[in-house]
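There are 2 protein chains.
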Amino acid sequence: MKNGSTLFADFTLMADSKPLRTLDGDPVAVEALLRDVFGIVVDEAIRKGTNASEKVCEWKEPEELKQLLDLELQSQGESRERILERCRAVIHYSVKTGHPRFFNQLFSGLDPHALAGRIITESLNTSQYTYEIAPVFVLMEEEVLKKLRALVGWNTGDGVFCPGGSISNMYAINLARFQRYPDCKQRGLRALPPLALFTSKECHYSITKGAAFLGLGTDSVRVVKADERGKMIPEDLERQISLAEAEGSVPFLVSATSGTTVLGAFDPLDAIADVCQRHGLWLHVDAAWGGSVLLSRTHRHLLDGIQRADSVAWNPHKLLAAGLQCSALLLRDTSNLLKRCHGSQASYLFQQDKFYNVALDTGDKVVQCGRRVDCLKLWLMWKAQGGQGLEWRIDQAFALTRYLVEEIKKREGFELVMEPEFVNVCFWFVPPSLRGKKESPDYSQRLSQVAPVLKERMVKKGTMMIGYQPHGTRANFFRMVVANPILVQADIDFLLGELERLGQDL
Amino acid sequence: MKNGSTLFADFTLMADSKPLRTLDGDPVAVEALLRDVFGIVVDEAIRKGTNASEKVCEWKEPEELKQLLDLELQSQGESRERILERCRAVIHYSVKTGHPRFFNQLFSGLDPHALAGRIITESLNTSQYTYEIAPVFVLMEEEVLKKLRALVGWNTGDGVFCPGGSISNMYAINLARFQRYPDCKQRGLRALPPLALFTSKECHYSITKGAAFLGLGTDSVRVVKADERGKMIPEDLERQISLAEAEGSVPFLVSATSGTTVLGAFDPLDAIADVCQRHGLWLHVDAAWGGSVLLSRTHRHLLDGIQRADSVAWNPHKLLAAGLQCSALLLRDTSNLLKRCHGSQASYLFQQDKFYNVALDTGDKVVQCGRRVDCLKLWLMWKAQGGQGLEWRIDQAFALTRYLVEEIKKREGFELVMEPEFVNVCFWFVPPSLRGKKESPDYSQRLSQVAPVLKERMVKKGTMMIGYQPHGTRANFFRMVVANPILVQADIDFLLGELERLGQDL
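As you go down the protein sequences, you meet chains A and B in turn. Position 114 (the first sequence) corresponds to 149 in the numbering used here; numbering is contiguous. Position 276 (the second sequence) corresponds to 311 in the numbering used here; numbering is contiguous.
Here it is as structure tokens:
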């Protein structure tokens with residue numbers, strides 16, 4: 036920067052010499068481009084992407100895919116035609132997570148109202164920190180959180196949408212330690228006694244990651260035994276608490292899980308709440324996966340006792356298909372703990388001399404600054420479906436799960452790992468050559484090799500995607516997740532038939 | 036759940052009795068809905084939302100807005116017509132951050148290619164953790180990060196997109212302490228000596244929030260003096276390091292800022308890197324705001340020395356208008372530090388017996404589990420504009436800033452807080468009644484009341500939005516941010532003229 040007048044001359048020059056293809060300030064061209072892109076999205080991602088007769092994925096080896104996509108960023112811009120081709124290619128080679136044969140994760144499905152909410156969110160592109168720039172979404176987030184809290188069983192409380200369930204869990208840990216030791220915020224963990232938190236061996240790995248990130252260290256996580264169904268054993272929780280205390284640690288939090296990642300198990304919340312009450316511990320429930328069951332009057336008993344929690348993590352982007360990410364952290368607290376724990380009163384953003392009620396500036400409740408709007412997609416879907424429609428979906432998922440379980444029992448070569456209590460169905464496909472060979476010493480090892488081979492085959496064929504994993508001493512098994520709202524019996528039949536077809540020579 | 040056969044009967048029943056209005060499995064209705072919503076988005080958010088003759092915001096008092104929006108979530112679903120009305124209302128009452136008169140934050144503008152990338156991202160709804168379910172985006176993220184690293188000056192390295200710059204800064208702090216004390220991950224901060232990190236008083240508040248969240252405590256943040264332009268004073272950094280050491284703390288990180296939030300100041304990176312080198316400290320550069328200047332050959336000297344950093348946080352969602360959120364954390368490290376620090380090898384997700392190179396499963400580099408795809412919007416925009424087009428935008432923003440500064444100097448009643456070096460222009464509007472009264476004892480207090488009043492007036496009128504804040508001992512001043520790519524001189528003229536109109540009676 037030399038001096039003002041030179042730069043001013045530069046500016047005049049530049050104002051008349053825009054690069055050839057920029058659309059800046061050309062609304063007609065902007066609209067035309069976006070309409071074309073939207074047409075591609077409808078054709079490729081929505082119509083083909085949810086059509087069972089299309090591929091769920093178009094596998095390419097990484098090196099080949101790199102070449103096909105021509106990823107390198109250049110100095111020159113590209114023509115509109117080229118850009119539209121790129122949009123098509125990106126969608127074509129991406130996995131279709133809304134496809135009725137995508138069973139791979141704890142999310143699946145493409146809810147059109149939720150997608151509409153996401154498109155609107157993106158077009159508005161605002162940050163969820165002040166009423167000033169997000170008036171609709173500040174009020175809407177509060178209303179959605181209120182509804183989720185009501186389903187937990189709370190008439191009051193607090194909460195916030197977080198960038199994913201892992202961060203919700205970290206928030207809970209941080210809030211629990213701050214409530215116990217407010218000094219921690221200023222003086223840090225060195226000013227505190229050694230802390231201990233408790234969770235079962237079936238918990239999500241974010242508890243451990245969180246303990247490390249928050250400076251507690253993974254050693255602070257005491258692992259409580261789970262029963263053979265994957266549920267935390269409250270008696271062992273008692274034992275672990277005594278053990279930690281005997282070792283000089285201060286227990287402060289128990290993280291129970293409602294819907295474990297692999298087995299879909301629900302910890303016994305009432306019994307765990309009793310233990311927490313006895314010891315004065317913060318009860319966090321990681322219901323990222325299972326929380327949506329609260330919408331079903333038939334099945335919500337799985338979370339009995341959740342109203343006794345201090346905090347709940349619940350991801351409607353999973354079973355409710357709201358779209359990544361939609362992760363609520365709900366709190367029973369009414370003492371403004373979130374803001375006291377996380378607030379830093381930045382004067383450039385949270386001015387106190389604003390002309391409206393600055394309690395509406397909720398941004399200081401979070402550890403982020405800018406925060407995405409994650410409420411609209413859920414709100415719009417809920418408005419369209421109603422609580423009843425969402426409940427129907429949950430009940431439908433349970434019923435289809437039951438159908439799958441019955442089919443697995445009927446078919447040769449399929450073996451349940453256990454009777455599911457949720458929509459995770461864990462099972463082995465035992466190929467012809469291994470049937471009746473359970474007593475063979477290498478059975479387990481050979482069975483473990485089946486799932487990876489079948490996975491490779493299905494992905495390369497593009498017919499479906501389902502996850503597998505080892506678990507404790509169990510050989511690799513498939514984890515079917517019945518979550519996509521468009522699933523019907525035929526999709527379940529296809530799953531089993533396709534595993535038989537893919538594995539008949541093994 | 037009573038027994039299998041009962042549930043199976045339920046299922047059959049349910050399969051024939053979907054709620055009336057669900058679109059599940061009805062692709063024609065899904066497409067029709069989404070086309071209608073997209074039409075509304077184009078009309079309301081894009082066409083009107085970027086048109087200078089439309090309002091930038093439609094102010095309503097919270098209670099009135101609640102009623103207008105009818106936010107409550109019900110049991111019954113709603114008709115398609117009602118849902119479309121709701122979409123229209125949500126957009127209508129939301130702030131238009133792409134509007135040429137939205138100057139309120141460090142982001143502004145609606146890049147059509149970035150928006151196209153965001154719509155595609157939402158339609159694909161995948162998580163950025165494995166090559167298996169995000170093949171395109173795993174490769175694309177790496178390519179985009181490589182390009183950003185190259186602009187920093189690194190041929191190798193690592194990185195990841197984070198949910199916002201605050202979390203990028205936390206990542207940097209966590210990585211720095213892990214590199215110094217790998218034990219921290221397992222044993223926690225109590226096993227470590229007291230740590231100290233250093234940043235200037237002009238730094239973003241996320242450094243302090245991060246220190247609290249990570250268990251270090253806000254006391255561990257040592258505040259280094261800044262000069263009158265807002266730049267960290269390296270000599271004071273030296274002093275603070277000695278002081279911390281004398282008090283028994285172990286310095287481990289300096290966070291320099293490239294583009295401070297209010298003043299837009301750039302810390303002298305080379306001098307700070309010298310200090311870090313002398314003391315063996317991790318140098319993090321919070322370039323969330325200023326990083327995009329690296330694209331401009333004319334202005335990138337503001338970040339001279341950045342190549343000496345260990346980590347850089349850079350938010351292309353700010354000056355490049357990629358859309359919230361697009362926040363890169365870039366690392367010079369080539370030792371897989373990210374994965375060693377954050378990894379937990381979840382066996383259900385990061386199976387080691389996959390049929391492809393599992394190094395492509397980058398999800399274990401992060402502390403989240405599911406992670407949004409944040410690379411496509413930036414990649415597509417870059418492909419369309421080219422590096423040159425983006426550079427032109429940056430240069431244009433600097434040139435328009437210069438124009439604004441010259442206009443402020445020319446006009447009565449406007450006073451610069453200081454000559455800007457970036458696109459933040461801090462200035463007072465001195466209303467007629469206060470002109471020439473600088474010596475009056477209540478001048479500063481009365482001047483402080485001007486910005487809130489003008490802000491209220493502009494928001495209620497809907498003509499523009501610009502932020503203000505106090506700063507140190509300075510009375511409330513406006514912070515103009517020249518970031519929207521569609522800005523032209525007329526918008527700058529409007530800003531100043533509108534302040535004169537709104538404040539002529541004060």
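Here a beta-carbon is modelled for each residue, glycine too, at the ideal position from N, C-alpha and C.
Check                                                                                                                                                                               : Outcome
If we count Cβ pairs, one from each stretch, closer than 8 Å, do we get three or more for the stretch 502 to 510 of chain B versus the stretch 379 to 393 of chain A?               : yes
Going by C-alpha distance, which of Trp189(B), Leu338(B), Ser290(B) is nearest Ser241(B)?                                                                                           : Ser290(B)
Where does Ala523(A) sit, in a helix, a strand or coil, going by DSSP?                                                                                                              : One detail in the question is off: residue 523(A) reads as Val in this sequence, not Ala. The answer is coil: DSSP assigns Val523(A) none of H, G, I, E or B.
At a Cβ threshold of 8 Å, is Lys236(B) touching chain A?                                                                                                                            : no
Do you know offhand how far Lys131(B)'s Cα is from Leu159(A)'s?                                                                                                                     : 6 Å
Taking only beta carbons into account, state which residues of the stretch 374 to 391 of chain A come closer than 9 Å to chain B, listed in chain order.                            : Cys376, His377, Gly378, Ser379, Gln380, Ala381, Ser382, Tyr383, Leu384, Gln386, Asp388, Lys389, Phe390, Tyr391
Identify the residues that DSSP records as bridge partners of Pro286(A): which are they?                                                                                            : Ala231(A)
In terms of DSSP beta bridges, what is Arg509(B) paired with?                                                                                                                       : His506(B)
So, Asn459(B) versus Val297(B), is the Cβ gap smaller than 8 Å?                                                                                                                     : yes
Considering only C-alpha positions, which residue in the set Leu68(A), Asn86(A), Val72(A), Val63(A) is nearest to Val65(B)?                                                         : Asn86(A)
Restricting to Cα atoms, I'd like to know which of Cys122(A), Lys244(A), Glu89(A), Thr156(A) is closest to Gly223(B).                                                               : Lys244(A)
Rounded to whole angstroms, what is the Cα-Cα separation between Thr156(A) and Glu93(A)?                                                                                            : 29 Å
How close, in whole Å, do the beta carbons of Ala323(A) and Ala344(A) come, if the pair is a contact with beta carbons under 8 Å?                                                   : So it is not a contact: roughly 13 Å between Cβ atoms.
Excluding the 5 residues preceding and the 5 following Asn209(A) in the sequence, name in chain order all residues of the same chain whose CB lies nearer than 7 Å to its CB.       : Leu249, Cys376
Could you give the DSSP three-state label for Arg56(B): helix, strand or coil?                                                                                                      : The pLDDT assigned to Arg56(B) is 49, lower than 50, so where the model puts this residue is not dependable, and the model offers no usable value.
Output, in chain order, the set of chain A residues within a Cβ distance shorter than 8 Å of Asn139(B).                                                                             : Glu167, Ile168
Just how far apart, CA to CA, sit Leu454(A) and Gly144(A)?                                                                                                                          : Contrary to the premise, residue 454(A) reads as Glu rather than Leu in this sequence. Their Cα atoms are separated by approximately 25 Å.
Report the residue ranges of all alpha helix (DSSP H) runs contained in full by the stretch 250 to 303 of chain B; include only those spanning at least 4 residues, in chain order. : 269 to 281
Determine the DSSP secondary structure at Phe390(B), reduced to helix, strand or coil.                                                                                              : coil
Do you know how far the Cα of Asp399(A) is from the Cα of Pro228(B)?                                                                                                                : 30 Å
Please compile the residues from chain A whose C-beta is within a distance smaller than 8 Å of the C-beta of Phe301(B).                                                             : Those do not exist, as Phe301(B) stays about 11 Å from chain A at its closest Cβ, beyond 8 Å.
Have a look at the DSSP bridge pairing and note the partners of Ser114(B).                                                                                                          : In the DSSP output, where bridge partners are listed per residue, Ser114(B) has none listed.
List the residues that DSSP assigns as beta-bridge partners of Ile429(B).                                                                                                           : For Ile429(B), which the question treats as bridged, DSSP gives no partner whatsoever.
Report the residue from Gly448(B), Arg514(B), Trp414(B), Leu489(B) whose alpha carbon sits nearest the alpha carbon of Ile118(A).                                                   : Trp414(B)
Determine the burial state of Ser129(B): buried for a count of at least 16 other Cβ atoms within 10 Å of its Cβ, exposed for fewer.                                                 : buried
From Glu270(B), Ala211(B), Ala525(B), pick the residue whose C-alpha is nearest to that of Tyr235(B); which is it?                                                                  : Just to set this straight, residue 235(B) is Ser in the shown sequence, not Tyr. When only C-alpha atoms are compared, the closest one is Glu270(B).
How many angstroms separate the CA atom of Gly405(A) from the CA atom of Val179(A)?                                                                                                 : 20 Å
Who pairs with Leu365(B) in a beta bridge, going by DSSP?                                                                                                                           : Gly194(B), Val347(B)
Within 10 Å of its beta-carbon, does Arg514(A) have 16 or more other beta-carbons around it, so buried, or fewer, so exposed?                                                       : buried
Would you mind working out which of Val195(B), Gly358(B), Asp396(B) sits nearest Tyr164(B), comparing C-alpha positions?                                                            : Asp396(B)
Kindly say whether Gly133(A), judged by its beta-carbon, lies nearer than 8 Å to any beta-carbon of chain B.                                                                        : yes
Compute the Euclidean distance between the alpha carbons of Pro520(B) and Gly421(B), then round it to the nearest angstrom.                                                         : 15 Å
Throw me the rounded Cβ distance for the Val76(A) and Ile168(B) pair, which I believe falls under 8 Å.                                                                              : At roughly 19 Å, the Cβ-Cβ gap does not stay under 8 Å, so Val76(A) and Ile168(B) are not in contact.
Give the DSSP-derived three-state secondary structure of Arg514(B) in the structure shown.                                                                                          : strand
In the DSSP assignment, what are the bridge partners of Ile501(A)?                                                                                                                  : Phe138(A)
I believe Gln431(B) touches Ser110(A) by the beta-carbon criterion, under 8 Å. Please report the beta-carbon distance rounded to the nearest angstrom.                              : Between Ser110(A) and Gln431(B) the Cβ distance is about 17 Å, and since that is not below 8 Å, they are no contact.
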